[in-house]
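*Asks:*
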Amino acid sequence: MFIRKFASIAALSLSAIASFSYADAAHAMTFTMSTGTTGPKGETNQGAYTKDKNAITIDFNNTVDAKGKTVQGKAPTTGFAQYSFSNGNTIGQKQVGSNSWAPVGPDGEKNTSKYLQVMAGNSVTITLESLAKSFGLDWGAAHPGNTLSFFNGNTLIKTFETADIGKFALYSKFHPGPKAGDSSMQSAPGSKTYYQGNGYVEFFAENSNEYFNKIVISQQAKYGGGFESDNHSFRTVPEPSLALGMLAIGGGMFLRKRKNQKSLNLG
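Under our numbering, the sequence shown has 100 at position 100, and the numbering climbs by one with no breaks.
(1) Would you check if the segment 203 to 222 and the segment 95 to 105 touch, i.e. whether three or more CB-CB distances between them fall below 8 angstroms?
(2) Flag this pair as yes or no: are the beta carbons of Thr331 and Gln219 separated by less than 9 angstroms?
(3) Looking at the strands, I want to know which residues DSSP matches up with Tyr47.
(4) Judging by CA-CA distance, which residue of Ser84, Gly145, Phe168 is the nearest neighbour of Thr159?
(5) Given 8 angstroms as the limit, is there contact between the segment 222 to 233 and the segment 53 to 60, that is, 3 or more CB pairs closer than that?
(6) Is the beta carbon of Tyr211 sitting closer than 9 angstroms to the one on Asn152?
(7) Kindly indicate which residue of Lys192, Lys173, Ala163 has the alpha-carbon position closest to the one of Asp182.
(8) What is the DSSP secondary structure of Asp59, reduced to helix, strand or coil?
(9) Could you pull the start and end residues of the beta strand (DSSP E) that Ala142 belongs to?
(10) Which residue or residues does DSSP assign as beta-bridge partners of Asn213?
(11) With H, G and I counted as helix, E and B as strand and the rest as coil, what does DSSP make of Ser208?
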């Protein structure tokens, strides 16, 4: 009897987890736009960061290499998020640098730190050690042709381009350029100069079918320019063992409660 009850409880609980995990499978990935926040120590010259304090963040300022040595201004090639450049790491690493096109801070402050720049016709692939459910980036000097693609293995989940984002949180005077849809704003009435968009953009999987372990950041060659971003953030998916552990604990608590209720009734 006890085994049957436990099996029923486990089946019910697993069914609930499955229903929760796969609900609304028809929905697509979503995103939010904000100004983000300052650095972990209140830095205002390193671009905008996610407000999610539980996220894993790559800021491109200090990276630990394969030998355990801390190096500055490089994209990590080991650890949770591993970056590889389409034109090879030797040349590609030069795309992590510091210049006037760096994405700005939460109040439009100039970013003097290192950031990731992907030039026209090139791409960077971020391979993750485990599945993730969200990805954020300080997206700056927004330009037509900036493209983000999310994959689970080799299966494409969703692609976003600059035009899909619409309005940006900020339009920076540090990034003047020609008119480029909603990714730019006229600097003054009648002016031919436009300020390019900036903001902290976070993408979210709406269900487990949209969990991802690979992201490709690219700039379409036909538009020229580049894709500038900084302070990448990731939220991982709980390990299956953790979910089963929670189920076992929950089931045990339920059974103990039922047993105590029976004892009280018998008393």
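Backbone N, C-alpha and C fix where the C-beta goes; we use that ideal spot for every residue, glycine too.
*Replies:* From the atom records:
(1) Judged by pairs of C-beta atoms under 8 angstroms, the segment 95 to 105 does not touch the segment 203 to 222, as fewer than three such pairs exist.
(2) Residue 331 falls outside the range modelled here, since the chain spans only 1 to 267, and no answer is possible.
(3) The sequence given here places Gly at residue 47; Tyr does not occur at that position. Note: Gly47 is not bridge-paired with any residue in the DSSP secondary-structure output.
(4) Comparing Cα-Cα distances from Thr159 to each of Ser84, Gly145, Phe168, the minimum goes to Gly145.
(5) At 8 angstroms Cβ cutoff, the stretches touch.
(6) Tyr211 is a Cβ neighbour of Asn152, given a cutoff of 9 angstroms.
(7) The residue from Lys192, Lys173, Ala163 with its alpha-carbon nearest to that of Asp182 is Ala163.
(8) For Asp59, the secondary structure class from DSSP, reduced to helix, strand or coil, is coil.
(9) Counting along the chain, no beta strand (DSSP E) covers Ala142, and no H or E run does either.
(10) Asn213 is not bridged to any residue.
(11) The answer is helix: DSSP assigns Ser208 an H, G or I state.
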